[in-house]
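Going by my numbering, 158 is the number at position 158 of the sequence shown; the sequence numbering is gapless. All residues carry an ideal CB built from backbone N, CA and C; glycine is no exception.
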Amino acid sequence: MSLLRSGPLPDAELLIEAGEHYLRPPVMGDYKTWASLRQDSRSFLTPWEPLWPSDDLTKAGFRRRLRRYSRDRKEGRSLTFLLFRSKTDEVLGGLTLSNIRRGVSQSTTLGYWMGERFAGRGHMSAAVAMILPFCFDVLRLHRIEAACLPNNMPSIRLLENAGFKREGYARNYLLINGTWQDHLLFACLAEDNALRPQRIEPNVEGILKEFL
1 MSLLRSGPLP
11 DAELLIEAGE
21 HYLRPPVMGD
31 YKTWASLRQD
41 SRSFLTPWEP
51 LWPSDDLTKA
61 GFRRRLRRYS
71 RDRKEGRSLT
81 FLLFRSKTDE
91 VLGGLTLSNI
101 RRGVSQSTTL
111 GYWMGERFAG
121 RGHMSAAVAM
131 ILPFCFDVLR
141 LHRIEAACLP
151 NNMPSIRLLE
161 NAGFKREGYA
171 RNYLLINGTW
181 QDHLLFACLA
191 EDNALRPQRI
201 EPNVEGILKE
211 FL
């Protein structure tokens, strides 16, 4: 993995790329394609996500979302990315590293979503394969946690194939689609990822100093 530039850079200059995909933070210019994909995928995403605010897909709602992402980055708490296909620059989905903890924890929580028409084609597997070495080698984290509903078999397979280990079962863990729901808990440690036989080395350009 190469870290080409350092220091406080514009959001769009944080780029993680490997193979046919890249990840970067969303910017205002992404609004139309993001909103269109989310709207088209609404029924597909609803069972797995918190309730959407009434103005979630509006330009004002997206601008407010970007302000929150920027604040969380500046405070070193989270990083949010959109996933793109390199050849077409089309938005495929999104991925978030939230609740970043330093000190004796050195951990974060991984969340992700995929547009319905792109689901089941390996795109999110590629995104997770990129984000794990970024977490371990660039952010120097030790533990990546994730959770999914017990009936979300595609997500379970994705996490297990990425090297996550199932660690527990949390009752009424998250408020999903308006209902408190149980979740399976997974984690991947730095030493787990280091032992993976086909570990990729994505290219990374730029990083916000708050995360180093």
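| Item | Value |
| --- | --- |
| Cβ contact check for the stretch 96-106 and the stretch 73-83: 3 or more pairs under 8 Å | yes |
| Distance CB(Leu-25)-CB(Phe-81) smaller than 8 Å | Note that residue 25 corresponds to Pro in the displayed sequence, not to Leu. Cβ atoms of Pro-25 and Phe-81: closer than 8 Å. |
| Contacting residues, own chain, Cβ-Cβ under 7 Å from His-123 (five flanking each side not counted) | His-21, Leu-83, Leu-92, Gly-93 and Met-114 |
| Presumed contact (8 Å Cβ cut-off) between Leu-23 and Leu-95, rounded CB distance | 6 Å |
| Residue environment, Leu-159, which counts as buried when at least 16 other CB atoms sit within 10 Å | buried |
| With 16 other Cβ atoms within 10 Å as the buried cut-off, status of Asn-161 | exposed |
| Same chain, Cβ closer than 6 Å to Ala-35, five either side skipped, listed in chain order | Leu-57 |
| Bounding residues of the alpha helix (DSSP H) (the contiguous stretch that carries Trp-34) | 31-40 |
| Per-residue DSSP class, three states only, for Val-91 | strand |
| Identity of the residue in Pro-197, Leu-37, Tyr-169 and Leu-174 nearest Ala-129 by Cα | Pro-197 |
| Outcome for Asn-172 when other beta-carbon atoms lying within 10 angstroms are tallied against a minimum of 16 | exposed |
| Those residues which DSSP pairs with Asn-203 across a bridge | Glu-17 |
| Chain-order list of residues whose beta-carbon lies under 8 Å from that of Met-1 (same chain, five-residue window excluded) | For Met-1, the predicted structure reports a pLDDT of 43, less than 50, and the residue's modelled location is therefore unreliable. The matter cannot be settled from this model. |
| Cβ-Cβ distance between Glu-145 and Leu-110 below 8 Å | yes |
| Segment limits, alpha helix (DSSP H) that includes Arg-85 | Per DSSP, Arg-85 belongs to no alpha helix (DSSP H); it is in the beta strand (DSSP E), 79-85. |
| Presumed contact (8 Å Cβ cut-off) between Leu-45 and Gly-178, rounded CB distance | Rounded, the Cβ-Cβ distance is 14 Å, inconsistent with contact. |
| DSSP-derived helix/strand/coil call for Arg-166 | strand |
| Burial state of Arg-73, where buried means 16 or more other Cβ atoms lie within 10 Å | buried |
| Buried or exposed by the 16-neighbour rule on C-beta atoms within 10 Å, applied to Asn-151 | exposed |
| Buried/exposed call for Tyr-112, threshold 16 Cβ in 10 Å | buried |
| Reduced DSSP category for Asp-56 - H, G, I as helix; E, B as strand; rest coil | coil |
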